[in-house]
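Read the structure below first, then the notes.
Protein chains: 2
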Amino acid sequence: MKFLKAYNPDRIKEMMREHFSNIEIETEIIHISEAQYRYSSMDIMSSVNIPDFNKSTVDGYALMSSDTRGASESMPVFLDVSGEVLMGTESHTEVVENTCVYIPTGGMIPKGADAVVMIEYTEKLKEDTVAVNMAMHPGKNIIYIGEDINVDDIIVKKGRKITAFDMGALSAIGVSEISVFKKPKAVIISSGDEIRKPEVEIKLGEVRDINSFVVGALIEKYGGEVIYKSIVNDDEGSLFNEVEKWIDKTDIVIVSGGSSAGIKDVTAEVLDSFGEPGLFVHGAAVKPGKPTIMSCARNTALLGLPGHPGSSSIIFTIFGKELFKILLKKEETMAFYIEAELTYNLTGAPGKETYVMGTLELNDGKYLFNPLIKKSAAISQLSKSEGYVVIKSGTEGIQKGNIVKVYTE
Amino acid sequence: MKFLKAYNPDRIKEMMREHFSNIEIETEIIHISEAQYRYSSMDIMSSVNIPDFNKSTVDGYALMSSDTRGASESMPVFLDVSGEVLMGTESHTEVVENTCVYIPTGGMIPKGADAVVMIEYTEKLKEDTVAVNMAMHPGKNIIYIGEDINVDDIIVKKGRKITAFDMGALSAIGVSEISVFKKPKAVIISSGDEIRKPEVEIKLGEVRDINSFVVGALIEKYGGEVIYKSIVNDDEGSLFNEVEKWIDKTDIVIVSGGSSAGIKDVTAEVLDSFGEPGLFVHGAAVKPGKPTIMSCARNTALLGLPGHPGSSSIIFTIFGKELFKILLKKEETMAFYIEAELTYNLTGAPGKETYVMGTLELNDGKYLFNPLIKKSAAISQLSKSEGYVVIKSGTEGIQKGNIVKVYTE
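Chain order of the listed sequences is C and E. FYI, the numbering for the first sequence is 191 to 599, going by this note's numbering. FYI, the numbering for the second sequence is 191 to 599, going by this note's numbering.
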């Protein structure tokens with residue numbers, strides 16, 4: 191077997207990109223009303239202008255701005271109302287000098303008009319005369335053809351996570367169905383003689399499965415779906431057979447745990463045994479989470495995660511997120527952080543990037559970050575966590591009172 | 191019809207709580223693997239201790255810490271290996287003075303032992319002897335019974351949005367099914383003679399539906415589900431019939447738009463006509479979004495939203511989010527914000543709370559907030575938005591260069 195050193199997270203992400211970029215995720219066509227949180231598989235361009243007619247943004251009167259020169263509350267101008275624009279129909283009334291036309295919000299600006307005065311700045315005197323109390327400049331309260339969206343504008347980029355607003359924009363340009371990447375399929379294999387499902391009674395010494403639920407939920411959060419979960423015994427044969435069973439039916443196989451000394455050694459061997467390019471990460475310079483394993487074979491990403499819930503959560507937050515970014519060709523977006531004052535001294539681990547989870551608190555208008563510093567196996571701690579900070583390798587630690595960047599996603 | 195003044199958002203939220211708190215949302219039992227993003231309908235307590243046995247957090251040797259007093263690399267202590275702890279089984283070997291037992295991570299601490307030395311700090315000399323290079327204090331590398339979770343600890347509170355980590359914690363305590371609120375059901379009625387679905391060809395003057403897609407996706411984001419969408423003509427009869435059709439089959443009816451002057455007046459009347467307590471908001475002191483309507487009748491929340499996509503998005507971000515908070519009894523959580531430097535002068539609207547959407551940019555380690563200041567109807571602007579700032583009523587505005595709070599959710 192290859193012997194590999196523990197790389198730092200940035201180097202591991204580079205290697206992931208090298209190895210996993212070729213894994214092809216199929217696409218499917220879905221209706222836009224189902225598209226929230228899915229990832230577009232192509233650039234979507236507009237074939238229309240929005241608006242496709244000059245449109246009023248207020249309820250009021252469409253008029254010629256030149257007619258309102260100098261108008262004010264004390265000296266209004268008087269215009270004849272020559273008609274009304276109806277919603278949803280082309281308007282045929284033409285505005286000529288000293289006339290105006292009633293127009294609702296969204297109505298089409300009639301020929302001749304170059305501004306709309308809001309109804310609030312007018313006073314109806316007779317059935318067909320209004321006083322206008324305000325001077326209008328050309329274009330006032332009008333949104334012009336293509337001012338919002340132009341023909342050939344890219345509305346949604348390839349790899350974009352579709353938002354509520356994107357769905358509105360797609361509808362606006364008449365796109366009701368789009369092509370998205372299918373959710374990458376994952377199988378989670380929990381290895382461990384002591385691991386039991388939550389449904390069953392346990393004997394002293396056994397523990398219930400935590401990781402497959404945490405990792406499974408993170409997979410969904412990052413855009414994938416778990417098609418099967420299994421628990422196998424801590425031996426090479428069982429593990430090999432289970433991976434072999436799934437490797438051609440799924441995009442990702444995750445081996446979680448393997449907490450006995452024996453299986454730790456064989457997980458890497460097993461994941462390396464399915465062909466080229468095979469194992470490329472065996473150990474990450476991350477605390478917690480050193481025993482991280484990555485391999486690629488038969489168009490499938492193979493990951494081995496540490497057994498500790500704390501470690502496996504951190505590792506999957508870093509590398510699982512990255513995996514889905516690669517598979518779904520995700521658009522580069524900023525990882526937003528919150529700046530907060532650290533309330534407790536933190537120590538970095540030599541030569542490792544250290545991740546510390548914690549809670550955020552608002553105190554006198556300032557955020558405080560309270561690290562959760564119990565033992566890493568504590569699942570109760572993870573549940574409370576609202577974000578994490580990173581202590582870069584080569585840093586001794588961060589002193590209480592310093593401002594840290596807290597990543598909440 | 192009642193005449194109501196335009197209240198400020200905080201007052202409206204209070205009134206929403208008064209009127210909508212009694213709308214009862216049914217509950218259902220689901221498996222924890224389906225629970226992410228759902229809201230718990232009860233406090234869930236643990237009936238077990240986690241761990242339920244004293245457990246090693248490392249691979250190493252369980253020993254009596256008193257035997258390692260003074261041990262160091264230059265002066266190790268030598269211990270007899272009297273056995274091995276197997277994963278998942280109760281250990282029967284007892285550790286006595288000058289002996290130790292091999293133990294894997296997660297293994298049960300054998301009787302007599304009060305610390306575990308990591309394998310890295312030991313050296314195996316013969317089959318049954320190890321040199322220990324480090325002094326251990328009692329409790330070292332042990333997680334004790336109940337140290338993570340105690341019997342009767344509340345693991346998930348009523349109204350909590352279940353996270354990946356909660357799912358892990360629930361599995362850990364042997365809870366495989368939980369009771370959650372059903373997703374509140376919503377029907378969206380788009381009113382407008384000019385509104386068309388994205389699938390159909392449009393004539394000049396008509397526009398495609400934007401709001402029902404944006405609002406529908408936000409409803410899903412906040413924890414609900416859209417059971418039906420319809421487009422009705424801009425007249426009182428059509429609107430009344432459509433609301434009547436759905437009011438007893440759903441928890442929320444949303445009337446979006448009604449952009450002609452006529453229907454604006456009747457939406458409030460229609461929503462007030464289904465019984466007590468009826469209309470309680472008719473106009474919000476919010477910019478954009480003044481024509482907001484709220485009513486409550488027949489155990490259903492009735493909302494009228496402005497027709498402008500920009501306005502309706504803002505209004506639903508403020509009040510739709512609040513509605514689901516009330517219906518799902520959501521746990522109080524902090525609304526995280528990012529502090530950013532404003533890149534453009536913003537003006538507040540007199541007497542109104544003004545919401546301005548924009549994009550975030552990192553510049554030299556500092557966040558900048560770039561307001562999107564095109565006309566409010568622009569859907570292309572909304573798609574780009576990454577957050578919003580609020581200009582409180584009574585404030586003239588915010589000058590460029592000031593630090594603002596940007597809400598990204």
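All residues carry an ideal CB built from backbone N, CA and C; glycine is no exception. Nothing here was measured: the structure is a model prediction, and the numbers come from that model.
Requested in this report: Just mark Ser449 of chain E as buried or exposed, buried being the case when its beta carbon has 16 or more other beta carbons within 10 Å.
Outcome: Confidence at Ser449 of chain E is low in this model, with a pLDDT of 49, below 50, so its placement is unreliable and the value that follows should be read with caution. Under this definition Ser449 of chain E is a buried residue.
Query raised in the report: Taking 8 Å as the CB-CB cut-off, is Ala321 of chain C touching chain E?
Result: It does not: the Cβ of Ala321 of chain C has no partner Cβ on chain E nearer than 8 Å.
Report task. State yes or no: is the beta carbon of Thr295 of chain E nearer than 8 Å to at least one beta carbon in chain C? Result -> Yes, Thr295 of chain E lies at the interface with chain C (some Cβ there is under 8 Å from its Cβ).
Requested in this report: Closer than 6 Å by C-beta to Lys195 of chain E: which residues in its own chain qualify, once you throw out the five before and the five after it? Chain order, please.
Outcome: Hits under 6 Å: none found.
**Report entry** Backbone CA spacing between Ala458 of chain E and Ile222 of chain E [nearest angstrom]
**Finding:** Straight-line Cα distance between these residues: approximately 42 Å.
Query raised in the report: Between the region 293-304 of chain E and the region 238-251 of chain E, do three or more beta carbon pairs fall short of 8 Å?
Result: A contact is defined here as three or more CB-CB pairs under 8 Å, and the region 293-304 of chain E meets this definition with respect to the region 238-251 of chain E.
Report task. Check each candidate in C:Thr289, C:Ser570 and C:Leu315 and name the one with the smallest Cα separation from Ser503 of chain C. Result -> Nearest option by C-alpha distance: C:Ser570.
Query raised in the report: Closest to Val322 of chain C by CA distance: which of C:Asp338, C:Val275 and C:Ser264 is it?
Result: Closest in alpha carbon position to Val322 of chain C, among C:Asp338, C:Val275 and C:Ser264, is C:Ser264.
Query raised in the report: If you measure beta-carbon to beta-carbon, which residues of the region 413-438 of chain C are closer than 9 Å to chain E?
Result: So the close ones are Val416, Lys419 and Asp424.
Query raised in the report: Does any residue of chain C bring its CB to less than 8 Å from the CB of Val476 of chain E?
Result: Between Val476 of chain E and chain C, the shortest Cβ-Cβ separation is not below 8 Å.
Query raised in the report: List, in order along the chain, the chain A residues whose C-beta lies closer than 8 Å to that of Ser575 of chain C?
Result: No chain A appears in this structure, whose protein chains are C and E.
**Report entry** Start-to-end residues for the alpha helix (DSSP H) that takes in Asn401 of chain C
**Finding:** Asn401 of chain C -> alpha helix (DSSP H) spans Asn401 to Tyr412.
Query raised in the report: If we cut at 8 Å on Cβ distances, does Met254 of chain E have a partner in chain C?
Result: With respect to chain C, the C-beta atom of Met254 of chain E has no partner C-beta closer than 8 Å.
Requested in this report: Output the distance between the C-alpha atoms of Val546 of chain C and Phe268 of chain E, rounded to the nearest integer angstrom.
Outcome: As the crow flies, the alpha-carbon of Val546 of chain C is around 36 Å from that of Phe268 of chain E.
Requested in this report: Reducing DSSP to helix, strand and coil, say where Arg386 of chain C ends up.
Outcome: In the structure shown, Arg386 of chain C sits in a strand (DSSP, three-state: E or B).
Query - Nonlocal neighbours in the same chain, by C-beta distance under 7 Å from Lys519 of chain C, ignoring five residues either side - result: Answer for Lys519 of chain C: Lys348 and Gly349, listed in chain order.
Report task. Determine which residues of the region 257-287 of chain E have a Cβ less than 7 Å from any Cβ of chain C, and write them out in chain order. Result -> Hits within the stretch, in order: Met277, Gly278, Thr279 and Glu280.
Query raised in the report: For the alpha helix (DSSP H) that contains Val433 of chain E, what are its first and last residues?
Result: Val433 of chain E -> alpha helix (DSSP H) spans Glu426 to Trp436.
**Report entry** Extent of the continuous beta strand (DSSP E) to which Gly358 of chain C belongs
**Finding:** Where Gly358 of chain C is concerned, there is no enclosing beta strand (DSSP E), although the alpha helix (DSSP H) it sits in stretches over Ala354 to Ala362.
**Report entry** Rounded separation between Arg259 of chain C and Met324 of chain C - CA only
**Finding:** Between Arg259 of chain C and Met324 of chain C, the C-alpha separation is close to 8 Å.
Query raised in the report: Just how far apart, CA to CA, sit Glu389 of chain C and Val397 of chain C?
Result: For Glu389 of chain C and Val397 of chain C, the distance between alpha carbons rounds to 12 Å.
Requested in this report: Report the three-state DSSP secondary structure of Ser463 of chain C (helix, strand or coil).
Outcome: If DSSP states are grouped into helix, strand and coil, Ser463 of chain C belongs with coil.
Report task. Starting from Ala303 of chain E, find everything on chain C with Cβ-Cβ shorter than 8 Å and list it in chain order. Result -> Within 8 Å Cβ-Cβ: nothing; Ala303 of chain E doesn't reach chain C, min ~15 Å.
Query raised in the report: Quick one: what does DSSP say Lys511 of chain E is sitting in, helix, strand or coil?
Result: Lys511 of chain E carries a helical assignment under DSSP once its states are collapsed to helix, strand and coil.
**Report entry** Where the alpha helix (DSSP H) through Ile215 of chain E begins and ends
**Finding:** Here Ile215 of chain E belongs to no alpha helix (DSSP H), and DSSP marks it neither H nor E.
Query raised in the report: Does Pro388 of chain E get closer than 8 Å to chain C when you measure Cβ to Cβ?
Result: Residue-level contact by beta carbon holds for Pro388 of chain E and chain C, with a gap shorter than 8 Å.
Requested in this report: Compare the C-alpha of Gly414 of chain C against each of C:Ile392, C:Gly479, C:Leu360 and C:Leu513 and name the closest.
Outcome: Comparing Cα-Cα distances from Gly414 of chain C to each of C:Ile392, C:Gly479, C:Leu360 and C:Leu513, the minimum goes to C:Leu513.
Query raised in the report: For Gly406 of chain E, which residues in chain C fall below 9 Å Cβ to Cβ?
Result: Ordered by position in chain C, the residues that pass the 9 Å Cβ test against Gly406 of chain E are Ser223, Gln226, Ala354 and Met357.
Requested in this report: Verify whether the separation of the beta carbon atoms of Ile588 of chain E and Leu536 of chain E is less than 8 Å.
Outcome: Cβ atoms of Ile588 of chain E and Leu536 of chain E: closer than 8 Å.
Query raised in the report: Around the Cβ of Ser237 of chain E, are there at least 16 other Cβ atoms within 10 angstroms (buried) or fewer (exposed)?
Result: Label assigned to Ser237 of chain E: exposed.
**Report entry** Gly329 of chain C - DSSP class collapsed to helix/strand/coil
**Finding:** Three-state result, Gly329 of chain C: coil.
Report task. Determine the direct distance from the alpha carbon of Asp441 of chain C to that of Leu572 of chain C, and round the result to whole angstroms. Result -> Going from the Cα of Leu572 of chain C to the Cα of Asp441 of chain C covers about 28 Å.
**Report entry** Cβ of Val460 of chain E within 8 Å of any chain C Cβ
**Finding:** Answer no: the Cβ-Cβ gap between Val460 of chain E and chain C never drops below 8 Å.
Query - Buried or exposed by the 16-neighbour rule on C-beta atoms within 10 Å, applied to Val341 of chain E - result: Counting Cβ neighbours within 10 Å, Val341 of chain E comes out exposed, since fewer than 16 surround it.
**Report entry** CA-to-CA distance, Lys542 of chain E to Tyr197 of chain E, given in whole angstroms
**Finding:** Their Cα atoms are separated by approximately 9 Å.
Query raised in the report: Does DSSP classify Ala376 of chain C as helix, strand or coil?
Result: It is a strand residue.
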